[in-house]
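Only one structure is covered here, and it is reproduced in the block below.
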Amino acid sequence: MLLPSDAIQAAWMTRQIAIKKGPVYMRMGRGAVEDIYDEKDTRFFEIGKAVLLKKGYDVTIIACGEMVSPSLKAADILEKEGIGARVLDMHTIKPLDKEAIISAALETGRIVTVEEHSVLGGLGSSVAEVVVQHAAVPMKFLGIPDEHVVAGESDEVFAHYGLTPEGIAKSVREFLPYKEVVHAG
Numbered sequence: 003m004l005l006p007s008d009a010i011q012a013a014w015m016t017r018q019i020a021i022k023k024g025p026v027y028m029r030m031g032r033g034a035v036e037d038i039y040d041e042k043d044t045r046f047f048e049i050g051k052a053v054l055l056k057k058g059y060d061v062t063i064i065a066c067g068e069m070v071s072p073s074l075k076a077a078d079i080l081e082k083e084g085i086g087a088r089v090l091d092m093h094t095i096k097p098l099d100k101e102a103i104i105s106a107a108l109e110t111g112r113i114v115t116v117e118e119h120s121v122l123g124g125l126g127s128s129v130a131e132v133v134v135q136h137a138a139v140p141m142k143f144l145g146i147p148d149e150h151v152v153a154g155e156s157d158e159v160f161a162h163y164g165l166t167p168e169g170i171a172k173s174v175r176e177f178l179p180y181k182e183v184v185h186a187g
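With the working numbering applied, the sequence shown corresponds to residues 3 to 187, in that order.
This is the structure:
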């Protein structure tokens, strides 16, 4: 499953899908997104490999699709407060970049996932499966809760659920006191 975060990545993914044998599922949100990448960045894209967008050692934000840009902005807000948030663009949910997740867990000690999808069965769940088996650290899932969802334009729905740069930064800030690393065998 592929989730592009901007038009550059969507075009790159479309080209990859065209040459790949077998089925591929690419999901895109309905809202407008800002460009994160430029054409030169496509040389770093690889299906199944997360893109490190921002270094940080206090917490890792793993985002996909439409939530990558607000997550980057949240990391900038947190940086001004002295909090170093690593940001990974997990543009591929399957196959998942397990190495990037394990490294992030071990190096930052906590992970927050951010997705424009249900918190059940998506990015957060996939990341949690890796974390619990290889580097158990506290996690927080940000996304659409498992309930009747409010209706509206994408930006209205995201604002309602705290999926804005300010909302993500607030959730990360509230999560920070819970740092405890337990290495799983």
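The beta-carbon is built from N, C-alpha and C at its ideal position, and this holds for glycine as well.
Indicate the three-state DSSP secondary structure (helix, strand or coil) for residue i in the structure shown.
i	result
Met30	coil
Glu182	The predicted model places Glu182 with a pLDDT of 46, which falls under 50 and marks its position as unreliable, so this point remains unresolved.
Gly169	helix
Glu68	helix
Met194	It is not possible to answer for residue 194, since the shown part of the chain is limited to 3 through 187.
Ser120	strand
Pro6	coil
Ile19	helix
Val35	coil
Arg45	helix
Asp99	coil
Phe177	helix
Lys75	helix
On the CB-based measure, 16 or more other CB atoms within 10 Å of its CB, does residue i come out buried or exposed?
i	result
His150	exposed
Gln135	exposed
Val53	buried
Gly67	buried
Asp37	exposed
Gly84	exposed
Glu176	exposed
Leu125	buried
Val152	exposed
Ala171	buried
Ala186	Because Ala186 sits at a pLDDT of 46, beneath the cut-off of 50, its placement in the model cannot be relied upon, and the following sentence gives the value as read from the coordinates. Ala186 is exposed by the Cβ-count criterion.
For residue i, tell me which candidate among the options has the shortest Cα-Cα distance.
i	options	result
Arg58	Glu68, Ile113 and Leu5	Note that residue 58 is Gly in the sequence shown, not Arg. Selected option, being the one with the closest Cα: Ile113.
Val192	Val139, Ser120 and Gln11	Because the chain spans 3 through 187 in this model, residue 192 falls outside it and cannot be assessed.
Pro72	Thr16, Phe160, Phe177 and Pro179	Phe160
Arg29	Lys142, Lys23, Ala9 and Tyr163	Ala9
Ser120	Phe143, Ile104 and Glu101	Phe143
Lys51	His162, Lys75, Trp14 and Met92	Met92
Leu122	Asp148, Lys22, Lys100 and Tyr27	Asp148
Arg88	Ile95, Ala102 and Thr94	Ala102
Ala106	Gly145, Val70 and Ile64	Ile64
Asp157	Val174, Glu118 and Ala13	Glu118
Arg17	Glu48, Leu90 and Ala171	Glu48
Lys96	Gly31, Pro25, Leu178 and Ile21	Pro25
Ile146	Met69, Ala12 and Met15	Met69
Strictly under 9 Å for the Cβ-Cβ distance: is residue i near chain B by that measure?
i	result
Val132	Note that chain B does not occur in the displayed structure, where there is just one protein chain.
Would you be able to state if there are at least three C-beta pairs under 8 Å between the segment 123-132 and the segment 41-48?
These segments do not touch.
Is the segment 152-168 touching the segment 74-90 in the sense that three or more CB pairs, one from each, lie closer than 8 Å?
Yes, the segment 74-90 is in contact with the segment 152-168.
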